[in-house]
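A.B. asks: Count along the sequence shown starting at 1, add 854, and that's the number in this note's numbering.
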Amino acid sequence: TIVPGTQPLDSDLAQSWDRVGDTVYVFRLRQGVRWQPKPPVNGRELTADDVKYTYDRFLATKGNPNRALLEIVDKVEAPDKYTVKFTLKEPNAWFLDRMASTSTWIIARECVEKYGDLKKWESVVGTGPWMLERYEPGARLSFVRNPICFYPKLPYADAVELTINPDSNAALAAFLAGKFDFGPEPGMTIRRSDVAAAKKKLGHWWLPLQTREFLVPSGRIAAMKLDQDPLKDVRVRRAIAMADNWREILERNPLAQGKGAPSPVIPAALKEWSVPIKELPPDGQKLYEPFDPVGARQLLTAAGHPGGIKIPVETTAGYGPEWMGAVQATLKNWKAAGIEAELKVQDYEAFVSSSVYGKFDKMMLAVRDGATDPDSYLEALLPGDALNASGVNDSKLTEMVKRQRRTFKDSARRDIVYDIQRYCSQQVYYVCGPSASVVAAWMPNVRDFGPNIGPDYGGRLMSAWLDKSTQ
855 TIVPGTQPLD
865 SDLAQSWDRV
875 GDTVYVFRLR
885 QGVRWQPKPP
895 VNGRELTADD
905 VKYTYDRFLA
915 TKGNPNRALL
925 EIVDKVEAPD
935 KYTVKFTLKE
945 PNAWFLDRMA
955 STSTWIIARE
965 CVEKYGDLKK
975 WESVVGTGPW
985 MLERYEPGAR
995 LSFVRNPICF
1005 YPKLPYADAV
1015 ELTINPDSNA
1025 ALAAFLAGKF
1035 DFGPEPGMTI
1045 RRSDVAAAKK
1055 KLGHWWLPLQ
1065 TREFLVPSGR
1075 IAAMKLDQDP
1085 LKDVRVRRAI
1095 AMADNWREIL
1105 ERNPLAQGKG
1115 APSPVIPAAL
1125 KEWSVPIKEL
1135 PPDGQKLYEP
1145 FDPVGARQLL
1155 TAAGHPGGIK
1165 IPVETTAGYG
1175 PEWMGAVQAT
1185 LKNWKAAGIE
1195 AELKVQDYEA
1205 FVSSSVYGKF
1215 DKMMLAVRDG
1225 ATDPDSYLEA
1235 LLPGDALNAS
1245 GVNDSKLTEM
1255 VKRQRRTFKD
1265 SARRDIVYDI
1275 QRYCSQQVYY
1285 VCGPSASVVA
1295 AWMPNVRDFG
1305 PNIGPDYGGR
1315 LMSAWLDKST
1325 Q
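What follows is the structure, encoded as structure tokens:
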């Protein structure tokens, strides 16, 4: 049973692996794994050459937005048919977590040769439990069971149908009508306001609708230019954080309806690595106390701004209307503390390709991407990193981030990660929004399923099955 918010590593294509020293990893592949029986690969055996090809291409492709995941890789070698050797540029205890990312799946050379950039759905050929059989843009994706999946007897289901419906009310109606087996909102969840109706409509007292609450890591983040006035003054940054009413943000979230937890640099949803708020230093804890516009104004006055400040803030409406509602609530609360924001709404594509990478005037508000490993959040604290939108350049912090990467014992690394979050709560290089508590829902006759953070829906559905005796 997987506990939501945890990401235990398990074998997949790699049957086993060893770390040699601090910078070399040797993976031994399962023998006899075959690509899915569809063109252009047609079920041939997967070998170490496929793995090497995938990661060489991953690192060489210009504009790969996920390249930062594996920039630590110096070279990839395939010494024999079933062995792959990775040499890193420097130690990184999170390397295995990065290799387990859904952004680093293995691809077949034949697909690249035939389809080029792999944007056509027909190019989706893997080795996993589900084969993409049909894609109707804006409507649905149809998957069928891979008959030669290397997991014995898995998957149990014959097919998975994924319907795309941006209308939440229509999607809910379909769910209540029994057309879906899982909640229609992201993460197989359901809006909290609909939970009672769903439980009444779907299931019985002896066989109820199945639900589980869990925290999700995606949320709001505010980045700011630390080398510019007035944001170079930590008192101003602390004032912004104190005026940030995280409870109201959760109340406005229809999936959470006020349920959730405040998040330091690492979201509270990553329960093994996010430091408890009560373990922050007193001035760090103060940032997460009830909304305090008066205290925020006092900090601004102490920083030489008794009349408050005006500051341009960039965002995009492309995240959806609920996002813009949260943005407006944020600006309202800032204004109550003497922080007047001049909102600049950008086109979505322009925003996510520039502003989120630090190309903005003074401040920007964006959605955190919901990464499932802690180090992805700490990257935003390193000078020169593409994700360092605020332009953090703190030698003490840099040393701590690099030291935790060199620390392979989990408990010792967690101590360092906690210290990083304590330090950041005092410096306020970013203002991080809360982790929402959401409710996953699935039909009474679905067995062996459990929700979790991250986008590996196929993996979570691999062992799920429908109990026909309860229908």
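Think of the CB as a built atom: it goes at the ideal place given N, C-alpha and C, for glycine as much as any other residue.
Could you give the distance in angstroms between the alpha-carbon of Q1111 and the alpha-carbon of L1104?
C.D. replies: Taking the sequence shown and counting its residues from 1, the one referred to as residue 1111 is at position 257. Taking the sequence shown and counting its residues from 1, the one referred to as residue 1104 is at position 250. Going by the C-alpha atoms only, they are around 6 Å apart.
A.B. asks: For the alpha helix (DSSP H) containing Y965, name the first residue and the last one.
C.D. replies: Residue 965 sits at position 111 when you count from the first residue of the sequence shown. The displayed chain sequence assigns Cys, not Tyr, to residue 965. From DSSP, the alpha helix (DSSP H) with C965 extends over R963 to Y969.
A.B. asks: Tell me whether the stretch 1258-1270 and the stretch 983-998 touch, counting them as touching only if at least three CB pairs, one residue from each stretch, are closer than 8 Å.
C.D. replies: Judged by Cβ distances under 8 Å, the stretch 1258-1270 makes no contact with the stretch 983-998, as fewer than three pairs qualify.
A.B. asks: Once you ignore the five residues that flank G1245 on each side, which residues in its own chain have a CB closer than 7 Å to its CB?
C.D. replies: Locating residue 1245 in the sequence shown gives position 391, where the first residue counts as 1. So the qualifying residues of the chain are K1079, L1080, D1081 and G1212.
A.B. asks: Name the one or two DSSP bridge partners that I1165 has.
C.D. replies: Counting from 1 along the sequence shown, the entry for residue 1165 is found at position 311. Beta-bridge pairing links I1165 to A1195.
A.B. asks: State yes or no: is the C-beta of R1091 within less than 8 Å of the C-beta of L1085?
C.D. replies: Reading the sequence shown from its first residue, position 237 is the one you call residue 1091. Reading the sequence shown from its first residue, position 231 is the one you call residue 1085. Result yes, Cβ atoms of R1091 and L1085 sit closer than 8 Å.
A.B. asks: Name the one or two DSSP bridge partners that T937 has.
C.D. replies: Within the sequence shown, numbered from 1, the residue matching residue 937 stands at position 83. DSSP lists R882 and D934 as partners of T937.
A.B. asks: Between P1228 and the rest of its own chain, which residues show a CB-CB distance below 7 Å, the 5 nearest in sequence each way excluded?
C.D. replies: Here residue 1228 is taken as the residue at index 374 of the sequence shown, counted from 1. Contacts found: I1120, L1124, W1127 and V1271.
A.B. asks: Who are the near neighbours of T937 in its chain, counting only those whose CB is closer than 8 Å to its CB and skipping five residues on each side?
C.D. replies: Your numbering for residue 937 matches position 83 in the sequence shown. Here the set comprises V880, F881, R882, L883 and A902.
A.B. asks: From what residue to what residue does the alpha helix (DSSP H) around S1249 run?
C.D. replies: On the sequence shown, position 395 is the one that residue 1249 refers to. S1249 to R1259 is the extent of the alpha helix (DSSP H) around S1249.
A.B. asks: Quick one, are the C-beta atoms of S1317 and Y907 less than 8 Å apart?
C.D. replies: Locating residue 1317 in the sequence shown gives position 463, counting from the first residue. Locating residue 907 in the sequence shown gives position 53, counting from the first residue. Cβ distance not < 8 Å, so S1317 and Y907 don't count as in contact.
A.B. asks: Starting from Y1272, trace the beta strand (DSSP E) in both directions and tell me its first and last residue.
C.D. replies: Within the sequence shown, residue 1272 is the residue found at index 418, counting from 1. Element bounds for Y1272: not the beta strand (DSSP E) but the alpha helix (DSSP H), D1264 to Q1281.
A.B. asks: Just checking my contact of V1293 with T1043 at CB under 8 Å: how many whole Å lie between their CB atoms?
C.D. replies: Counted from its first residue, the sequence shown places residue 1293 at position 439. Counted from its first residue, the sequence shown places residue 1043 at position 189. Confirmed, Cβ separation roughly 6 Å.
A.B. asks: Which same chain residues end up closer than 7 Å to M953 when comparing Cβ atoms and leaving out the 5 residues on each side of it in sequence?
C.D. replies: Working through the sequence shown from its first residue, we reach residue 953 at position 99. Within the same chain, M953 has no close Cβ partners at all.
A.B. asks: With which residues is L1016 paired in a DSSP beta bridge?
C.D. replies: Here the question's residue 1016 lines up with position 162 in the sequence shown. Partner(s): L995.
A.B. asks: Where does E990 fall in DSSP's three states?
C.D. replies: Along the sequence shown, one-based indexing puts residue 990 at 136. The answer is strand: DSSP assigns E990 an E or B state.
A.B. asks: Which residue wins for smallest C-alpha separation from W1319, given the options G1312, D1310 and D1302?
C.D. replies: The residue you call residue 1319 lines up with position 465 of the sequence shown. With distances taken between Cα atoms, W1319 lies closest to D1302.
A.B. asks: What number of angstroms, rounded off, separates the C-alpha of T1155 from the C-alpha of D1083?
C.D. replies: Residue 1155 sits at position 301 when you count from the first residue of the sequence shown. Residue 1083 sits at position 229 when you count from the first residue of the sequence shown. Roughly 15 Å between the two C-alpha positions.
A.B. asks: Helix, strand or coil for D872? Go by DSSP, reduced to three states.
C.D. replies: Here residue 872 refers to the residue found at position 18 when the sequence shown is read from its first residue. Strand at D872.
A.B. asks: Measure the beta-carbon distance from Y1284 to I1075 and round it to whole angstroms, keeping in mind my assumption that it falls under 8 Å.
C.D. replies: Position 430 of the sequence shown, counted from the start, is the residue given in the question as residue 1284. Position 221 of the sequence shown, counted from the start, is the residue given in the question as residue 1075. 6 Å between Cβ atoms; contact.
A.B. asks: Helix, strand or coil, according to DSSP, for T842 in the structure here?
C.D. replies: What the structure shows of the chain is the stretch from 855 to 1325, and residue 842 is not part of that stretch, so it cannot be assessed.
A.B. asks: Looking at the secondary structure, which residues open and close the beta strand (DSSP E) in which A1220 lies?
C.D. replies: Translated into the one-based positions of the sequence shown, residue 1220 becomes position 366. Looking at the DSSP string, the run of the beta strand (DSSP E) that includes A1220 is M1217 to V1221.
A.B. asks: State the Cα-Cα distance for the pair Q861 and S955, rounded to the nearest angstrom.
C.D. replies: Position 7 of the sequence shown, counting from 1, holds the residue named residue 861. Position 101 of the sequence shown, counting from 1, holds the residue named residue 955. When rounded, the distance between both Cα atoms is 10 Å.
A.B. asks: Return the Cβ separation of T1252 and P1237 in integer angstroms, given the expectation that the two are a contact with Cβ distance under 8 Å.
C.D. replies: The residue given as residue 1252 occupies position 398 in the sequence shown. The residue given as residue 1237 occupies position 383 in the sequence shown. So it is a contact: roughly 6 Å between Cβ atoms.
A.B. asks: Tell me the rounded alpha-carbon separation between V1088 and Y1231.
C.D. replies: By one-based count along the sequence shown, residue 1088 stands at place 234. By one-based count along the sequence shown, residue 1231 stands at place 377. Taking the straight line joining both Cα atoms gives about 21 Å.
A.B. asks: Determine which residues share a DSSP beta bridge with Q1200 and list them.
C.D. replies: As a working mapping, residue 1200 is identified with position 346 in the sequence shown. For Q1200, which the question treats as bridged, DSSP gives the partners T1170.
A.B. asks: Rounded to whole angstroms, what's the CA-CA distance from Q1182 to I926? Just pull it up for me.
C.D. replies: The residue given as residue 1182 occupies position 328 in the sequence shown. The residue given as residue 926 occupies position 72 in the sequence shown. So the two alpha carbons sit approximately 39 Å from each other.
A.B. asks: From which residue to which residue does the beta strand (DSSP E) around Y1284 run?
C.D. replies: If you number the sequence shown from 1, residue 1284 lands on position 430. Residues Y1284 to C1286.
A.B. asks: Whole angstroms are fine: how far does the CA of G1073 sit from the CA of E931?
C.D. replies: Stepping through the sequence shown from its first residue, residue 931 is reached at position 77. Stepping through the sequence shown from its first residue, residue 1073 is reached at position 219. C-alpha separation (whole angstroms): 38 Å.
A.B. asks: Nearest to I1274 by CA position, among V1300, L1235, A1295 and P1298, is which residue?
C.D. replies: If you number the sequence shown from 1, residue 1274 lands on position 420. Here the closest residue by C-alpha is L1235.
A.B. asks: Just list the residues that DSSP pairs H1058 with in beta bridges.
C.D. replies: Residue numbering aside, residue 1058 sits at position 204 when the sequence shown is read from its first letter. Answer is L1061, bridged to H1058.
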